[in-house]
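Asks: Chains as they are written, first to last, in my numbering: chain A, 417 to 709; chain B, 143 to 452; chain C, 3 to 243. Ideal placement from N, C-alpha and C gives every residue a C-beta, glycine not left out. None of the values given here were measured: they were computed from a predicted structure.
Structure (structure tokens):
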């Protein structure tokens with residue numbers, strides 16, 4: 417296989433990473449943008465999605481596609497509910513104070529991790545892919561499922577975009593993001609908006625995890641990398657800008673994929689983390705910051 | 143002088159404890175004292191100056207690896223090793239602070255977290271040298287200060303106590319000093335402090351560097367006294383740990399860090415005999431603290447009953 | 003007029019600051035004479051707070067220069083300007099609410115002098131009449147007393163120029179009288195620049211008045227001159243004076 421083919425392979429791998437990252441980071445971007453809350457447990461919502469998908473598929477008999485489809489619906493909904501509860505019971509009581517929220521979400525992080533460890537176990541377990549078609553390209557065969565993941569992410573993100581820009585609920589969310597006090601004055605129940613946004617953010621992360629879990633196994637510590645990567649993505653893209661987040665996810669996912677194939681994945685991560693630190697220091701608005709969804 | 147009475151009493155009690163404690167508890171307490179030194183450093187940045195950082199594991203790790211690598215590859219004895227650790231932590235804090243303190247609040251938190259993560263990954267990247275997660279076990283021959291053998295229980299305990307005592311006294315003096323009052327002012331109202339003539343950047347940088355010195359010394363001492371240097375100490379969990387300890391004991395109190403470290407240590411120790419769910423303990427502890435007792439044990443006591451508590 | 007013959011302690015030339023498309027301060031020239039009490043008035047949105055924020059360094063200048071006592075301070079950060087001799091009290095009271103009243107003033111004293119801040123802090127508190135409240139938590143003071151505390155902190159800095167941003171807002175009439183007496187006692191060792199909406203206070207205290215409107219200087223003169231100026235009347239005072 418020539419260099420070009422390797423590059424294409426790396427790019428495809430990068431696109432898969434980018435797809436999953438885009439969904440996860442979109443969730444974080446929403447939460448951060450609307451609620452101004454740093455959710456350190458965001459990676460754990462991702463992990464819970466994967467773990468719950470593993471449970472659902474192992475309990476549902478029949479063809480793997482059925483179990484997977486069920487997981488695709490059930491896991492994000494369950495995680496979204498957990499998130500909404502966390503918001504109402506804990507974050508709301510703290511009045512979304514920045515320092516306190518961070519500490520509380522760290523606490524949640526540990527609790528979710530422990531729950532996964534206790535009920536799911538320390539092993540990494542695979543989930544069977546719904547189908548195993550192989551797409552034959554001129555240079556190599558590529559997993560049809562991975563291509564489906566990319567397609568699914570595009571569909572979901574398009575749906576998210578439409579939801580935020582075309583529906584009333586989306587408008588309410590964007591209004592709350594722009595000016596919480598004015599939104600309240602207009603009769604918007606910001607408490608419910610916050611719970612909804614938090615749930616949506618968590619649901620997106622969980623959905624991303626369900627999509628990736630047939631490729632990458634479910635493990636109770638798997639939330640760590642997505643957390644950092646989605647933070648990096650949201651910051652470089654510009655806080656509060658969904659468009660920026662998506663572009664950044666594409667860039668980071670692709671470069672992570674490409675660098676990982678040709679160089680060390682650790683080096684790629686070092687560069688990414690340093691980059692985001694420097695962006696925050698020198699260009700805090702990110703690439704697209706200030707622009708609204 | 144009243145402010146020094148309680149710290150002095152604590153040091154005296156800890157010193158007297160060598161005579162009565164069995165080896166197991168002596169070892170634990172030595173660990174606690176070093177980790178409490180780390181926590182005191184964090185308290186200076188977070189408790190007194192209001193800098194919520196998630197990157198202190200970088201300073202702890204810098205000290206640990208400065209001393210550890212110097213010992214392993216350069217045969218540097220423990221005395222200079224501790225000095226290297228101290229300086230390593232301080233230098234790293236200076237480097238990070240120069241950049242990170244150009245941001246505030248959430249951005250500062252993320253920047254520190256990112257720098258620490260980059261440091262941790264760098265340790266892993268150079269695994270051939272640092273032995274990464276597996277870590278380096280230091281031969282006891284390397285762990286000597288002059289005639290003192292640090293691997294001996296009693297010696298180790300007393301060295302840990304000496305370091306902790308120094309840290310405690312410095313902290314007590316610092317918070318009573320002019321600069322200590324300015325640190326608190328910066329935490330309470332940064333804009334007001336600026337308009338009284340204090341440079342926020344400068345004050346915060348000094349506080350962060352002092353906190354880095356503490357962390358570096360604690361890290362070096364931990365590695366040298368217990369003979370193990372590992373990447374785990376530079377991971378994000380070790381940045382969250384001092385936050386938890388300081389919050390539990392009481393942020394912005396002199397004895398809070400020690401109390402929080404000791405309490406958390408024994409709490410997880412106790413919990414691990416009943417259950418394997420030790421992470422849960424940490425998580426629940428954090429939630430309870432932040433929801434119901436944000437000032438921690440000593441902070442709440444000081445607030446309600448004992449305003450004279452240092 | 004005494005203010006005209008004494009030296010200029012603080013001056014600005016061509017001071018400009020935009021926010022996006024809005025020209026908050028647009029090429030303003032300004033001279034503050036040493037020892038005077040100078041009022042800055044203008045309708046809401048005229049740019050008064052932005053202007054003094056530029057003077058005190060809280061907002062960076064986009065173009066123009068500022069000179070304090072002959073030295074160019076345009077590029078100096080806010081805290082350095084405070085050390086150079088400018089003190090600023092906030093429009094919305096900004097004190098250390100959780101610290102005792104005494105500590106609040108002690109921090110100001112400490113910025114200026116080495117050694118024990120105690121005696122000077124107590125003196126500053128006595129000057130504003132808060133000497134009995136030293137141990138009280140600053141946030142529990144009444145609004146009027148908090149304003150006085152801010153003035154005490156400003157005085158404790160021993161500034162050359164004391165800038166007061168709407169100091170009497172929210173004060174009861176008796177408190178306003180106390181405040182006026184305080185300002186009169188402060189000048190002429192300290193030069194006072196105050197932003198005010200309360201016209202009685204302005205006319206009573208100020209030796210000279212500058213009027214801003216739409217970010218530009220509309221007029222400058224003595225209270226009588228300003229009262230008589232038709233442009234000022236139409237822009238601001240209406241015809242009630």
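Return the first residue and the last residue of the beta strand (DSSP E) that residue 195 of chain C is part of.
Replies: On the third chain, residue 195 of chain C is found 193 positions in, with the first residue counted as 1. Start and end: 193-197.
Asks: Within this structure, are the beta carbons of residue 621 of chain A and residue 657 of chain A separated by less than 9 Å?
Replies: Counting from one through the first chain, the residue named residue 621 of chain A turns up at place 205. Counting from one through the first chain, the residue named residue 657 of chain A turns up at place 241. Contact flag unset, no.
Asks: Can we say the segment 180-199 of chain B touches the segment 385-399 of chain B, given the rule of at least three CB pairs closer than 8 Å?
Replies: Yes, since at least three Cβ pairs between the segment 180-199 of chain B and the segment 385-399 of chain B fall closer than 8 Å, the two stretches touch.
Asks: Determine, using beta carbons only, whether residue 108 of chain C comes closer than 9 Å to chain B.
Replies: Here the question's residue 108 of chain C lines up with position 106 in the third chain. Yes, residue 108 of chain C counts as interfacial toward chain B.
Asks: Give me the residue from C:37, C:50, C:42, C:14 with the minimum Cα distance to residue 25 of chain C.
Replies: Counting from one through the third chain, the residue named residue 25 of chain C turns up at place 23. It is C:50 whose Cα lies nearest to the Cα of residue 25 of chain C.
Asks: By the three-class DSSP mapping on this structure, what secondary structure does residue 139 of chain C have?
Replies: Position 137 of the third chain, counting from 1, holds the residue named residue 139 of chain C. Note: residue 139 of chain C maps to strand in three-state DSSP.
Asks: Does the segment 387-402 of chain B come into contact with the segment 442-451 of chain B, if we say contact requires no fewer than three beta-carbon pairs (one atom in each stretch) closer than 8 Å?
Replies: Touching, per the Cβ criterion.
Asks: With a cut-off of 8 Å, do at least 3 Cβ pairs link the segment 465-482 of chain A to the segment 496-507 of chain A?
Replies: Because the criterion of three Cβ pairs below 8 Å is not met, the segment 465-482 of chain A and the segment 496-507 of chain A do not touch.
Asks: Mind checking if residue 596 of chain A is an interface residue toward chain B, Cβ cutoff 9 Å exclusive?
Replies: Counted from its first residue, the first chain places residue 596 of chain A at position 180. Output row for residue 596 of chain A: interface = no.
Asks: Name, please, each residue of chain C whose Cβ falls closer than 7 Å to the Cβ of residue 340 of chain B.
Replies: Walking along the second chain from the start, residue 340 of chain B turns up at place 198. Residues of chain C passing the Cβ test: 81, 113.
Asks: For residue 297 of chain B, collect the residues of the same chain with a Cβ closer than 8 Å to its Cβ; drop the 5 residues on either side in sequence, then sort them by chain order.
Replies: In the second chain, counting from the first residue as 1, residue 297 of chain B sits at position 155. Same-chain partners within the cutoff: 290, 291.
Asks: Answer yes or no: does any C-beta atom of chain B fall closer than 9 Å to that of residue 71 of chain C?
Replies: As a position in the third chain, residue 71 of chain C is number 69, starting the count at 1. Chain B contact via Cβ: absent.
Asks: Is it buried or exposed for residue 496 of chain A, if we count other Cβ within 10 angstroms and need 16 for buried?
Replies: Translated into positions along the first chain, residue 496 of chain A becomes position 80. Buried, since its Cβ has 16 or more Cβ neighbours within 10 Å.
Asks: My guess is that residue 301 of chain B and residue 324 of chain B are in contact by the Cβ rule of under 8 Å, so how many angstroms apart are they, rounded?
Replies: Counted from its first residue, the second chain places residue 301 of chain B at position 159. Counted from its first residue, the second chain places residue 324 of chain B at position 182. Contact doesn't hold; Cβ gap of about 33 Å is too wide.
Asks: Ignore the nearest five residues each way along the sequence and tell me which others in residue 536 of chain A's own chain have a CB closer than 8 Å to its CB.
Replies: Position 120 of the first chain, counted from the first residue, corresponds to residue 536 of chain A. Result list for residue 536 of chain A: 467, 470, 471, 634, 636, in chain order.
Asks: Along chain B, which residues have their Cβ under 9 Å away from the Cβ of residue 96 of chain C?
Replies: Indexing the third chain from 1 puts residue 96 of chain C at position 94. In chain order: 331, 333, 334, 337.
Asks: Express the C-alpha separation of residue 182 of chain B and residue 367 of chain B in angstroms, rounding to a whole number.
Replies: Mapped onto the second chain, residue 367 of chain B falls at position 225. Mapped onto the second chain, residue 182 of chain B falls at position 40. When rounded, the distance between both Cα atoms is 19 Å.
Asks: Can you name, in chain order, every residue of its own chain whose Cβ lies under 6 Å from the Cβ of residue 143 of chain B, other than the five neighbours on each side?
Replies: The residue you call residue 143 of chain B lines up with position 1 of the second chain. Contacts found: none.
Asks: Counting along the chain, where does the beta strand (DSSP E) carrying residue 66 of chain C start and finish?
Replies: Here residue 66 of chain C refers to the residue found at position 64 when the third chain is read from its first residue. Where residue 66 of chain C is concerned, the enclosing beta strand (DSSP E) stretches over 65-70.
Asks: If contact is defined by three or more beta carbon pairs under 8 Å, each pair taking one atom from either stretch, is the segment 308-325 of chain B in contact with the segment 145-159 of chain B?
Replies: Contact holds: three or more Cβ-Cβ distances are below 8 Å.
Asks: Exposed or buried, what is residue 243 of chain C when buried is set at 16 or more other beta-carbons lying within 10 Å of its beta-carbon?
Replies: Within the third chain, numbered from 1, the residue matching residue 243 of chain C stands at position 241. Low confidence applies to residue 243 of chain C: its pLDDT is 47, below 50, so where it sits in the model is not reliable, and the reading given next is rough at best. Exposed, since its Cβ has fewer than 16 Cβ neighbours within 10 Å.
Asks: Give the range of the alpha helix (DSSP H) segment to which residue 188 of chain B is assigned.
Replies: As a working note, residue 188 of chain B is residue 46 in the second chain. Premise fails: residue 188 of chain B is in no alpha helix (DSSP H) and is neither H nor E.
Asks: When you compare the CB of residue 267 of chain B with every CB in chain A, is at least one pair closer than 9 Å?
Replies: If you number the second chain from 1, residue 267 of chain B lands on position 125. Closer than 9 Å to some Cβ of chain A, the Cβ of residue 267 of chain B qualifies, so yes.
Asks: DSSP state of residue 549 of chain A, grouped into three classes?
Replies: Walking along the first chain from the start, residue 549 of chain A turns up at place 133. Coil at residue 549 of chain A, not helix or strand.
Asks: In chain A, which residues lie with their C-beta within 8 Å of the C-beta of residue 389 of chain B?
Replies: Residue mapping note: residue 389 of chain B aligns to position 247 of the second chain, counting from 1. What residue 389 of chain B touches in chain A: 519.
Asks: Output the distance between the C-alpha atoms of residue 320 of chain B and residue 445 of chain B, rounded to the nearest integer angstrom.
Replies: In the second chain, counting from the first residue as 1, residue 320 of chain B sits at position 178. In the second chain, counting from the first residue as 1, residue 445 of chain B sits at position 303. Between residue 320 of chain B and residue 445 of chain B, the C-alpha separation is close to 22 Å.
Asks: Give me the DSSP bridge partner(s) of residue 218 of chain C.
Replies: The residue given as residue 218 of chain C occupies position 216 in the third chain. DSSP output for residue 218 of chain C lists C:215 as bridge partner(s).
Asks: List the residues of chain A that residue 252 of chain B touches, going by C-beta distances under 7 Å, in chain order.
Replies: Indexing the second chain from 1 puts residue 252 of chain B at position 110. The answer, in chain order, is 647, 651, 696.
Asks: Buried or exposed for residue 267 of chain C, going by 16 or more other Cβ atoms inside 10 Å?
Replies: The question about residue 267 of chain C has no answer here: the residues shown for chain C are numbered 3 through 243.
Asks: Count the C-beta pairs between the segment 440-456 of chain A and the segment 677-697 of chain A that are closer than 8 Å, then say yes if the count reaches three, no if not.
Replies: The segment 440-456 of chain A is not in contact with the segment 677-697 of chain A.
Asks: For residue 542 of chain A, I'd like the list of residues in its chain whose CB is within less than 6 Å of its CB, leaving aside the five on either flank, ordered along the chain.
Replies: Here residue 542 of chain A corresponds to residue number 126 of the first chain, with the count starting at 1. Excluding residues within five positions, the ones whose Cβ falls inside 6 Å are 633.
Asks: I'd like to know whether the C-beta atoms of residue 57 of chain C and residue 11 of chain C end up nearer to each other than 9 Å.
Replies: Numbered from its first residue, the third chain carries residue 57 of chain C at position 55. Numbered from its first residue, the third chain carries residue 11 of chain C at position 9. No. Outside cutoff.
Asks: Kindly identify the DSSP beta-bridge partner or partners of residue 34 of chain C.
Replies: Your numbering for residue 34 of chain C matches position 32 in the third chain. For residue 34 of chain C, which the question treats as bridged, DSSP gives the partners C:12.
Asks: How many angstroms separate the CA atom of residue 627 of chain A from the CA atom of residue 416 of chain B?
Replies: On the first chain, residue 627 of chain A is found 211 positions in, with the first residue counted as 1. On the second chain, residue 416 of chain B is found 274 positions in, with the first residue counted as 1. Distance between the alpha carbons of residue 627 of chain A and residue 416 of chain B is about 37 Å.
Asks: Measuring only the C-alpha atoms, how far is residue 317 of chain B from residue 147 of chain B?
Replies: The residue labelled residue 317 of chain B in the question sits at position 175 within the second chain. The residue labelled residue 147 of chain B in the question sits at position 5 within the second chain. Taking the straight line joining both Cα atoms gives about 15 Å.
Asks: Look up residue 617 of chain A in the DSSP assignment and say whether it is helix, strand or coil.
Replies: The residue you call residue 617 of chain A lines up with position 201 of the first chain. Reduced to three states, the DSSP call for residue 617 of chain A is helix.
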